[in-house]
Amino acid sequence: MTDISSSLPGLKEVFEDDFRIGAALNLDQIYGRDHEGLAIVVKHFNSISPENILKWEEVHPEPDRYDFEAADRYVALGEKHNMQIIGHCLVWFFQTPDWVFVDKSGKPLGREALLERMRDHIFTVVGRYKGRIHGWDVVNEAIMMDGSLRKCGWLDIIGEDYLVKAFEYAREADPDAELYYNEYDTEHPIKREALIRLIRRLQDSGVRVDGIGTQGHWFLDYPPIADVEKTIVEISQLKIPQMITELDVGVLPFYPVDSKMVDLSAFDPKTQKKYNPYPDGLPDAVQKKLAERYSELFATFLKHRDKISRVTFWGVHDKQAWRSYLPIRGRADYPLLFDRQCQPKPALGAVIKTALSRETG
0 MTDISSSLPG LKEVFEDDFR IGAALNLDQI YGRDHEGLAI VVKHFNSISP
50 ENILKWEEVH PEPDRYDFEA ADRYVALGEK HNMQIIGHCL VWFFQTPDWV
100 FVDKSGKPLG REALLERMRD HIFTVVGRYK GRIHGWDVVN EAIMMDGSLR
150 KCGWLDIIGE DYLVKAFEYA READPDAELY YNEYDTEHPI KREALIRLIR
200 RLQDSGVRVD GIGTQGHWFL DYPPIADVEK TIVEISQLKI PQMITELDVG
250 VLPFYPVDSK MVDLSAFDPK TQKKYNPYPD GLPDAVQKKL AERYSELFAT
300 FLKHRDKISR VTFWGVHDKQ AWRSYLPIRG RADYPLLFDR QCQPKPALGA
350 VIKTALSRET G
């Protein structure tokens, strides 16, 4: 039986005066099947995000069908524990069904028809949880590494103002909800500069953006902490809150495959060992490096707590971590503060120590 009630204080307590601390929940936690993971959530977090259940392919899988069962449970869970509830996400190039962009005969929709489809989706989903979901990732990952807008059905059919329309529809559907733009790899100067330009264009168009999400899918040695800090400082020029929205720290060698999964068994044994060096657990030396990395990240977040409103981990424990199946399915990564048995890792103690030493030092 896992002992969650350790002597360590909850993360939400030690960062109470700094920023909210969140976690992304999966179906097992939402439905109460992951009892130990849920106990971690209740003790440590005061904000929750959904991993997948509010993405278009899950909540609106067919033209005339919505599936709100899991989302209803998710919102009820957050309300039960008095948490900030985040909706993720409304408009994205990925995990959006192909039917969204075509008519009944399979031909591409025109601009006005796709705008109407977007509006109907946003009004239906946001409207159902009006006053209950506190903030929405309205647009997710619209910028490429070269600073251009990502090619996708939204851009191809509607044009660049699809971003403006998405925010306008969400604002109309729930005027009191906070509306965010969410992006990754903003530690790269070209992409970060493009993000700042994009948000300013939205603002010049009369769109109110309430926050910028920096995903924070980082590694033990990358990006350099100076680049993380520079990103926070430069985005703060926009004078709106920032959030670290999808924080985890990968310990495995990176293998870029353009978001397409491959199976570990596809490689020869030597290559398998290279890309999956810790199949049976994380060595103490790597645990120490992970703890040190999380400590320096949170020291930076605390330094800039006037700019940051929330830090959300993308998962509760290592067993649910996406890094173990993307880009290579079958690996064992260890990116979070709790291990596969829901036991606290040295990284959790390091994060808490960083907060407490700030308070007493």
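Going by numbering that gives the first Met the number 0, the sequence shown opens with residue 0, and the numbers climb by one from there.
A virtual CB, placed ideally from N, CA and C, is assigned to each residue, including glycine.
Rounded C-alpha distance that separates A354 from N81: Each residue's alpha carbon lies about 23 Å from the other.
Extent of the continuous alpha helix (DSSP H) to which Q28 belongs: Per DSSP, Q28 belongs to the alpha helix (DSSP H) from 26 to 29.
Min CB distance T95 to chain D below 8 Å: The structure shown contains no chain D; it holds only a single protein chain.
So, helix, strand or coil for L89, using DSSP? For L89, the secondary structure class from DSSP, reduced to helix, strand or coil, is strand.
Neighbourhood of G77 by C-beta distance below 6 Å, restricted to the same chain and skipping five residues each side: Cβ-Cβ distances below 6 Å link G77 to I47, I84 in the same chain, with the five nearest sequence neighbours on each side left out; the list follows chain order.
Quick one: what does DSSP say M117 is sitting in, helix, strand or coil? When DSSP states are grouped into helix, strand and coil, M117 belongs to the helix group.
Can the beta-carbon of T311 be found less than 8 Å from the beta-carbon of E245? Against a cut-off of 8 Å, the Cβ pair of E245 and T311 comes out as a contact.
W313 (DSSP reduced to helix, strand or coil): Looking at W313 - three-state DSSP - the assignment turns out to be coil, as it is neither helix nor strand.
Run through DSSP, which three-state label would F253 get? In this structure, F253 counts as coil in the three-state DSSP scheme.
Taking only three categories from DSSP, how would you classify H187? The answer is coil: DSSP assigns H187 none of H, G, I, E or B.
Which of helix, strand or coil does DSSP assign to R127? R127: helix per DSSP, three-state reduction.
Can you tell me the Cα-Cα spacing of M143 and F93, whole angstroms? Cα-Cα distance, rounded: 14 Å.
The beta strand (DSSP E) that contains G134, what's its start and end? From DSSP, the beta strand (DSSP E) with G134 extends over 134 to 139.
Looking at C-beta atoms only, is the number of pairs between the stretch 234 to 250 and the stretch 300 to 318 that lie closer than 8 Å three or more? Touching, yes.
Straight-line gap, G134 to V261 (C-alpha atoms, nearest Å): Rounded to whole angstroms, the gap between the alpha carbons of G134 and V261 is 34 Å.
Within its chain, find whatever has a CB closer than 7 Å to the CB of Y73; leave out the 5 residues flanking it on each side and keep chain order. So the list reads L24, I29, P49, I52, once near-sequence residues are dropped.
Would DSSP call G9 helix, strand or coil? Under the three-state reduction of DSSP output, G9 falls in the coil class, being neither helix nor strand.
Among E171, F14, G130, which has the Cα closest to the Cα of R207? Comparing Cα positions, the closest option is E171.
Distance, Cα to Cα, Q319 vs A265? Whole-angstrom Cα-Cα distance: 22 Å.
Cβ pair V301, D17 closer than 8 Å: One detail in the question is off: residue 301 reads as Leu in this sequence, not Val. For L301 and D17, yes; Cβs fall inside 8 Å.
How do the stretch 122 to 132 and the stretch 196 to 206 stand: do at least 3 beta-carbon pairs fall below 8 Å, yes or no? Judged by Cβ distances under 8 Å, the stretch 122 to 132 makes no contact with the stretch 196 to 206, as fewer than three pairs qualify.
Taking 8 Å as the threshold, find out whether the stretch 214 to 230 comes into contact with the stretch 160 to 170 through three or more Cβ pairs. The count of Cβ pairs closer than 8 Å, one atom from the stretch 214 to 230 and one from the stretch 160 to 170, stays below three, leaving the stretches out of contact.
Simplified DSSP assignment, three categories, for T244: If DSSP states are grouped into helix, strand and coil, T244 belongs with the strands.
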